[in-house]
Amino acid sequence: MKHLLSVTDLDAAAATGLLDTSDRLRQALLGREVRKLPTLRGRTVVTMFYEDSTRTRVSFEVAGKWMSADTVNVSAKGSSVSKGESLRDTAATLAAMGADCVIIRHPASGAAHRLAHWAERDAAAGAVGPTGEGTTTAVVNAGDGTHEHPTQALLDAATLRDRLGGIAGRRVGIVGDVLHSRVARSNVLLLATLGAEVVLVAPPTLLPVGVDQWPCRVSSELDAELPSLDAVMMLRVQAERMHGSFFPSAREYAIGYGLSEERAALLRDHAVVLHPGPMVRGMEIAPAVADSAASVILAQVRNGVHVRMAVLYHLLAGAPQ
Amino acid sequence: MAENRRGDSAGASPPARELLTAADVTRTIARIAHQIIEKTAGAEDLVLIGIPTRGTVLARRLATAIGEFAGTAPAVGSVDPTLYRDDLRRRPARALEDTAVPEGGVDDKLVVLVDDVLMSGRTVRAALDALGDHGRPSAVQLAVLVDRGHRELPIRADYVGKNVPTSRGEQILVLLREIDGRDGVQLGRGNAS
Amino acid sequence: MNLLIRGARPYDEDPIDIVVRDGVVAEIGSGLETPEGAETIDADGRVLLPGFVDLHTHLREPGGEESETIATGSAAAALGGFTAIFAMPNTDPVADTEVVVEHVRRRGEQAGLVDVHPVGAVTVGLEGTKLAELGSMARSPAQVRMFSDDGRCVHDPLIMRRALEYATALHVVIAQHAEDPRLTAGAQAHEGVVASRLGLAGWPATAEETIVARDCALAREAGARLHVCHVSSARTVEVLRAAKAAGVRVSAEVTPHHLLLTDGRLTSYDPVNKVNPPLRTAADTQAMREALAEGVIDIVATDHAPHAAQYKDTEWAAARHGMLGLQTALSVLVHTMVEPGLLDWHGVARVLSERPAEIVGLPDQGRPIAVGEPATFALVDPEEVWTVRGTKLASRAANTPYEGMRLPATVVATVLRGRIIARDGQVVA
C-alpha cells in the first residue's frame, strides 16, 4: 500500500486486513503501562489541514504518536500557504524536509490524488524525498472536498463490525446531505466492498445526479426504511457547503429527515446509530438519541485512533513500495 | 497478508526428515513442564506468555500439563512481537497477531516466554521489549521446543525441548495439532525460519 | 507570390498540379512548369484543402502573454493548417473598443503568418450589462465580423435581444457562450455519475440547452443571425435541429475535444481535462459527431485555450478551464470523423474552412480550389501518424489533453495567398 486516497484503493481483503490490524493494535495497547509502540520510530508524519478540524487532526496526531512517529501539524492559516504558496510547492517542500507521510485535508476534491501524483512524479525525476533521492512521500486523504474520507469509512466499518459482529449482509442506512458528503461516498463504496446493503435517504435535492448508478439503494422515506436497518448513519447537514435552496428551512429538514426519538423507536433492538461528527443536536439527531444505548458515536471516535494507527502501520512500517 | 513461515519449499525440495514424532512432542512438552515446575519451585506468580502463533499453542499445552502435574495451572497469554521487530522495513508490512495479557497482568510476575523455535534470538528480543511495555515482571525466562543454533544476540533459553544443530539453509518445521492437524517436528531444506 | 504545387489531390480526388501567380491560382493541370522565381511543393499525392478557418481561438494577448502571444498562437495555427483565426476578446484589457481590436489586428499583421481577425465583446468588460460599441468595432480597420462575450454567457435576455437586433444593421454575427451562470455556480464537471463519484459539483447540460433555446427564439424574433459556440450536449443538438427546421438563422460549432473526450478522463483529477463547457459522456460525443456529419452542427472550432503551467498544475478546483487545440484539430477530426467514415475530405473542407468563412463572411478564405481563387491551402498527409508532445507544440503553454497520444494526419504545408507560411513542421518566417 503506497497511499490511501480512496476506499477504492482497498479490495475486500485489504480492507478486512486493515480492520484486523486495527483490532490487534487495540489489543496490544490494552492495559499497558507504556501506551506507545516503537514501530514507527524515526518516521515523520505531517498533517496538512486546509480546513478546520480538531477531531480528525488530533486523531491522526495521537495515532502517529502512539506508534512513536514524529508528528508535525501544519494548518493553512499562519503557514506559507496563506501567503500564496501553491499546494504543489508546499507538498514538495515537506517531502524534501523528510516527511515520510503527509496527511491532507483540503477543500478541493481530488487534492490528495494530485498530491500523490506530484510526489510520484518528483520521485521519478530523482527529486530528494524523505529517505533520499527518488523516494516517495506517502499520502493519506483525510478528507478532500466532497469526494472521500477513507479513514472515516474504515472506522465506521470497524465500529459496525464490533457491534454487529460483521458487515456482510447487514443493512446500513445513510441519511442526510449525501450530495456534499465525502463521508457518504466513502461509506457507500467501502460497505459495498465489504458486502453490506446500503440505502441512502435524503431529500431529492441532496442526492447527486448519477446516484442511481452507485452500489446502493436510494429512498426519500426515512420512516419506511428504519425498521429493517441494522445501522443508521446520520450525516451532518453542512450549511457551509451549500449555495442555496436545497431545502426550505432547518425545521422542515428536521421534521422530514431528523432522527427524532420517535423515529429511533422504529429501529430494532440491536440496531446502532452512527454519526461522523460534529453533530447538530436537534437538527439531524435528537439529543436523547445521540446519548442513547444504541448510539456508537463515541466508539467511532475511539476506533478512529486505532484505525488510523493501522493505516500508518501499513503505509510506513514495511518495506518502501 | 501473513508471512508464510513455512516458505513455499514443500513441493520443490527433498522430503523433510522427521526429528520428533507426535509421541515425542507430547513427551517433550511434559518434560519441559516438569522442568518449569522444578525450577520455579511452584511459584504462584507464574505466567506463561506465548509468542504467536505456535508459541501460544505450546504455552497453553504447557499450562495444562503444569496444572496436571502441580495441581494449579498458571495464567496463559500471548504477546505479538511484530511491532517491535528490528527487520520490519525489509518486507511489506506484516499482519499482526494476537496480544492477550492475562488478567492480573505481568507486574512482579515470573514470566516464562514460550516459542516453538529459537534461532537468531531477534524474535525473543522483540517479545521482551513488547512485554516490557506491558509491565515489569520480576523475572523472565524462556522455553522453546527446538533450539537450532545460529544466535545473533546474547539470548539463551532456560528450557529446551530438543537441541538440533542445523545449517542456515535448512528449515525446522514445527507441526501442532491445533494448527496443522498433527504434532511433529521436521527438518527440511528451504527458507530459514 | 508564385508557387507550384505538384501532384496534390484536392479533397482527396485525382492528383493535379497547381500554378500560383501573385497569390492567385493561375493554372490547374498536369505536368505544369514552375513559374519564374517560384517555390515548389512536391505534394506527392497528399490531400489539398482550402486553408482552415478557426472561429474560436484564445490568443491571450493583451494581458495573458505568459500563456500565449499573438505570434506564438499564429505559429500554432499555421502549423495546424489554419490560415485565418478569430481571436476571442476575453483579454486584459477586454477587446470591447476599436482601440483594442485594432491593436490585436496589427499584432497579427506583425506576426506575419495567418490572418488574425479580432472578435469584439458584446458587452463592455464582458460584464453583461451594457452593450459595447459594436458599430465602431465593425467599421474599424479591424472589420470585426463576429462578437462574443465568450468565457461568459450574455445572460440577461434583454441585453441578448438588443445585441441581436443591433447586429442586424451591422451584418455581423453574435456568438453566444451558452451557459446559464445560475445553474453552473460552483460547477466543476459534467453533472453525471462520474462527477458524483469524484465529488465534483455538477455542471448540468440544461445550462447550455436552455440558453440556446432562448437565444434561438430571440434571434427568430429579431430576424438576426446567431452563432452558438462550443456545443457539448446531445440535448442542445435537438434544440438546434428544431430551430433550424423552423427557419432560425442559427449556426453552431463543436470543438475537436468534444468529439473525442469524455468525463471518464476525470478520475485522475488532472486539470488538463478541465474545460468550459465540460467534457461530457460518450453519448454526447457520439451525438456531436452525428450532428456534425449531418450539418446540424455547422463547423469545427478549436476553442484553443492556452494556460501556463501555474494555472493548470494545481488541484482541480483552482485550475483554469481550457485546452490547446490548434495543432491537433485536424488529427482529432480525422480520427473521430474521417476514419469511421462519417465525413469525407469534402466534409473536412466544409467544416474546417468553407462554412466557417461563410458564417463570418470572409471573402478570401474557404474558397474552392479553382483558377482565379486565392491560393490559400492546407496540404495534409492523411496517412502519417504522429505523437503529441505538449512541449514540442508551438504554443507558449503545453496544456494539451492528447499528451502522448498517437494521432493520424499531419499538415505538410500551409499556404496563404501563395506564400508558404508553414512547411514540414516549421513555420516559415
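So the protein sequences, as listed, match chains A, B and C.
For the first sequence, our numbering assigns the number 1 to the initial residue and increments by one for each residue that follows.
For the second sequence, our numbering assigns the number 1001 to the initial residue and increments by one for each residue that follows.
For the third sequence, our numbering assigns the number 2001 to the initial residue and increments by one for each residue that follows.
Ideal placement from N, C-alpha and C gives every residue a C-beta, glycine not left out.
Asked	Found
Under 6 Å Cβ to Cβ from A2077 of chain C, same chain only, skipping five residues before and after it: list those, please.	I2085, V2114, L2326
Spell out the partners DSSP gives R105 of chain A in its beta bridges.	A:F49
When you compare only the Cα positions, how much space is there between V237 of chain A and E284 of chain A?	7 Å
Can you tell me where the alpha helix (DSSP H) holding P2382 of chain C begins and where it ends?	Taken as a continuous stretch (DSSP letters only), P2382 of chain C belongs to no alpha helix (DSSP H), being part of the beta strand (DSSP E) at 2377-2387.
Excluding five sequence neighbours on each side, which residues of the same chain lie with their C-beta closer than 6 Å to the C-beta of Q2426 of chain C?	none
What ranges does the beta strand (DSSP E) occupy inside the segment 2019-2086 of chain C, keeping only unbroken runs of at least 3 residues that lie completely in it?	2024-2029, 2039-2042, 2047-2050, 2052-2057
May I ask which residues mark the beginning and end of the beta strand (DSSP E) holding Q1186 of chain B?	1184-1189
Taking 7 Å as the limit between beta carbons, can you name the residues of its chain near E1097 of chain B, skipping five residues before and five after?	P1052, T1053, D1080, T1082
How far does the beta strand (DSSP E) with V201 of chain A in it extend, from its first residue to its last?	197-201
What separation, rounded to the nearest whole angstrom, lies between the Cα atoms of A1010 of chain B and E1018 of chain B?	Confidence at A1010 of chain B is low in this model, with a pLDDT of 48, below 50, so the placement of that residue should be treated as unreliable; the coordinate-derived value is given next. If you take the alpha carbons of A1010 of chain B and E1018 of chain B, they lie about 14 Å apart.
According to the neighbour-count rule (16 or more other Cβ atoms, all chains shown, within 10 Å of its Cβ), is D2270 of chain C buried or exposed?	buried
Answer with buried or exposed for A317 of chain A, where buried requires no fewer than 16 other C-beta atoms within 10 angstroms of its C-beta.	buried
Contact criterion: CB-CB distance below 8 Å. Does P1092 of chain B meet it with respect to chain A?	yes
Using the DSSP secondary-structure output, state which residues sit across from P2010 of chain C in a beta bridge.	C:L2048
Got a sec: is the Cβ-Cβ distance from L2200 of chain C to anything in chain A below 8 Å?	yes
Between which residues of its own chain and R2107 of chain C is the CB-CB distance below 6 Å, once the five residues before and five after are set aside?	I2070
Could you check whether L259 of chain A and Q300 of chain A sit closer than 8 Å to each other, using their CB atoms as the reference points?	no
Against chain A, with Cβ distances strictly below 8 Å, would Y2011 of chain C count as a contact?	no
Below 7 Å on C-beta distance, what does H314 of chain A contact in chain B?	A1093
Counting only beta-carbon separations shorter than 8 Å, does H1134 of chain B have a partner in chain A?	yes
In chain order, which alpha helix (DSSP H) runs of at least 4 residues are fully inside the segment 188-274 of chain A?	222-225, 250-257, 261-264
Does the beta-carbon distance from R171 of chain A to L160 of chain A come in below 8 Å?	no
Check the Cβ of L87 of chain A against every Cβ in chain C and list those closer than 9 Å, keeping chain order.	T2314, E2315, A2318
Could you check whether the Cβ of E33 of chain A sits closer than 8 Å to any Cβ belonging to chain B?	yes
On the DSSP bridge list, what partners appear for L1020 of chain B?	B:V1185
For a test of the three-state rule: what should DSSP assign to P2356 of chain C, helix, strand or coil?	helix
I want to verify the contact list: residues of chain C whose CB lies under 7 Å from the CB of Q213 of chain A, in sequence order.	V2193
Compute the beta-carbon to beta-carbon distance between P1092 of chain B and V1076 of chain B, rounded to the nearest angstrom, for a pair I have assumed lies under 8 Å.	That pair is no contact at about 31 Å.
CA-CA distance, N1163 of chain B and V1146 of chain B?	6 Å
Give the range of the beta strand (DSSP E) segment to which I2421 of chain C is assigned.	2419-2423
Whole angstroms are fine: how far does the CA of F49 of chain A sit from the CA of S109 of chain A?	14 Å
Counting only the same chain and skipping the five closest in sequence on each side, list residues whose C-beta sits under 7 Å from that of P107 of chain A.	Y50, E51, G145
Which chain B residues are close to A28 of chain A, counting only those with a beta carbon under 7 Å from its beta carbon?	D1080, L1083, T1099
Round the Cβ separation of V2248 of chain C and A2219 of chain C to the nearest angstrom and send it over; I've been treating them as touching at under 8 Å.	6 Å
Count the other CB atoms, across all protein chains shown, that sit within 10 Å of the CB of I1179 of chain B; report buried if there are 16 or more and exposed otherwise.	exposed
Roughly how many angstroms separate the alpha carbons of T2391 of chain C and A2429 of chain C, rounded to a whole number?	21 Å
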